[in-house]
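Numbering follows our numbering, with no gaps: position 115 of the sequence shown is 153.
One structure is given here, and the rest of the page talks about it.
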Amino acid sequence: MSWLRRGETAITPQSAGWNYCGMEIFDFAKNKSYSIKMDQKEGVLLSLSAENIEVTINNEKFKLQGRTGVFAGISDWIYIPVDSELTISAASGLVALSTAASSKLYPIAYKDKSQVSIEIRGSGFATRQVNNIATPDSFAQADRILVCEVLTPGGNWSSWPPHRHDGIAGCEFTNEEIYYFQIGTNQSDNGAETGHGFFKVYSYDGLIDETMTIKDRDLVVVPHGYHGPSIAAPEYPMYFLNVLAGPSDKRSMGFCDDPNHHWIRDSWKDQKQDSRCPMTSVNGRNTK
Numbered sequence: 039m040s041w042l043r044r045g046e047t048a049i050t051p052q053s054a055g056w057n058y059c060g061m062e063i064f065d066f067a068k069n070k071s072y073s074i075k076m077d078q079k080e081g082v083l084l085s086l087s088a089e090n091i092e093v094t095i096n097n098e099k100f101k102l103q104g105r106t107g108v109f110a111g112i113s114d115w116i117y118i119p120v121d122s123e124l125t126i127s128a129a130s131g132l133v134a135l136s137t138a139a140s141s142k143l144y145p146i147a148y149k150d151k152s153q154v155s156i157e158i159r160g161s162g163f164a165t166r167q168v169n170n171i172a173t174p175d176s177f178a179q180a181d182r183i184l185v186c187e188v189l190t191p192g193g194n195w196s197s198w199p200p201h202r203h204d205g206i207a208g209c210e211f212t213n214e215e216i217y218y219f220q221i222g223t224n225q226s227d228n229g230a231e232t233g234h235g236f237f238k239v240y241s242y243d244g245l246i247d248e249t250m251t252i253k254d255r256d257l258v259v260v261p262h263g264y265h266g267p268s269i270a271a272p273e274y275p276m277y278f279l280n281v282l283a284g285p286s287d288k289r290s291m292g293f294c295d296d297p298n299h300h301w302i303r304d305s306w307k308d309q310k311q312d313s314r315c316p317m318t319s320v321n322g323r324n325t326k
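This is how it looks when you write it as structure tokens:
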């Protein structure tokens with residue numbers, strides 16, 4: 039069974055066959071308002087291409103400024119506590135709700151886009167931008183959920199070197215993971231139907247080995263095994279939103295590299311970082 043979930047807009051632990059991670063993409067072209075009960079789960083609400091989003095959490099009202107698209111700039115976001123009653127409304131665009139199974143109550147937290155930590159990883163053709171939304175270092179007040187965004191310039195690779203966090207065969211880290219992709223153009227704020235990229239997954243024992251063609255708005259579940267690279271075709275920049283969660287009481291973004299490719303990290307010392315990164319910031323798009 040492929041881990042690619044093309045055409046789906048919602049992944050739950052039940053549909054993925056695991057215990058913790060979920061993600062739903064809300065399209066306000068179809069409905070202007072959505073109501074969600076966060077039964078035994080916490081969440082991170084983030085605009086993909088919606089602006090002026092009205093958010094009500096347990097009768098407390100907020101407004102997300104949002105953004106016109108994932109390639110247009112950074113967005114503000116909200117942490118949603120476990121067992122909340124949530125309503126979201128907008129005139130148009132897409133919003134992502136990333137979730138993780140939880141039993142611990144943390145307070146509602148609104149974070150302005152200026153509070154999002156931007157990190158440039160890799161070098162050379164592996165240069166990419168990481169927006170640390172709800173990672174252990176950027177946001178501590180959560181139970182299990184981990185959320186970040188990655189933007190990859192056209193022609194570059196992300197998720198590289200390949201790595202895993204499945205808690206087996208000597209890897210101490212255990213997290214399920216969901217990828218939500220958008221494939222853009224150099225001129226687009228949003229994804230483009232014409233674009234595509236590639237994503238590879240494989241298991242340490244070789245029983246799973248799949249290279250997927252990734253199209254705009256594809257979802258991929260990663261229950262175990264190595265994943266990477268995520269490859270952006272020339273002139274088609276790639277965006278993905280990651281949510282991770284697992285059984286540990288201590289949130290961690292830790293991973294285990296494929297030992298055959300770990301040496302690649304050392305090679306970056308002799309390469310320049312791609313000047314196209316960061317691709318976006320609080321001020322908008324990088325025009326390089």
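Using N, Cα and C, we set each Cβ at its ideal position, and we do this for glycine too.
Residue i lies in the alpha helix (DSSP H); which residues open and close that run?
i, result
"residue 314", "Careful: residue 314 lies outside any alpha helix (DSSP H) and carries neither H nor E."
"residue 54", "51-54"
Contact defined as beta carbons within less than 8 Å: I believe residue i pairs with residue j. What is the distance between those atoms, to the nearest angstrom?
i, j, result
"residue 58", "residue 178", "No, residue 58 and residue 178 are not in contact; Cβ-Cβ is about 19 Å, not under 8 Å."
"residue 188", "residue 196", "5 Å"
"residue 310", "residue 161", "7 Å"
Just tell me which of the options has its CA closest to the CA of residue i.
i, options, result
"residue 156", "90, 251, 113, 118", "113"
"residue 60", "268, 104, 97, 184", "184"
"residue 316", "193, 115, 73, 158", "158"
"residue 191", "225, 246, 218", "225"
"residue 92", "121, 120, 131", "131"
"residue 220", "109, 261, 282", "109"
"residue 234", "274, 56, 292", "274"
"residue 119", "98, 107, 102", "98"
"residue 164", "207, 321, 305", "305"
Would you mind reading off the limits of the beta strand (DSSP E) that contains residue i?
i, result
"residue 304", "Counting along the chain, residue 304 falls outside any beta strand (DSSP E), though it belongs to the alpha helix (DSSP H) covering 302-305."
"residue 166", "166-172"
"residue 126", "123-127"
"residue 115", "115-118"
"residue 102", "98-104"
"residue 186", "184-190"
"residue 384", "Any property of residue 384 remains undetermined from this structure, which presents the chain solely from 39 to 326."
"residue 74", "71-75"
Using a 10 Å radius around the Cβ and a threshold of 16 neighbouring Cβ atoms, would you call residue i buried or exposed?
i, result
"residue 300", "exposed"
"residue 254", "buried"
"residue 62", "buried"
"residue 270", "buried"
Tell me, which residues are paired with residue i by DSSP?
i, result
"residue 220", "277"
"residue 294", "202"
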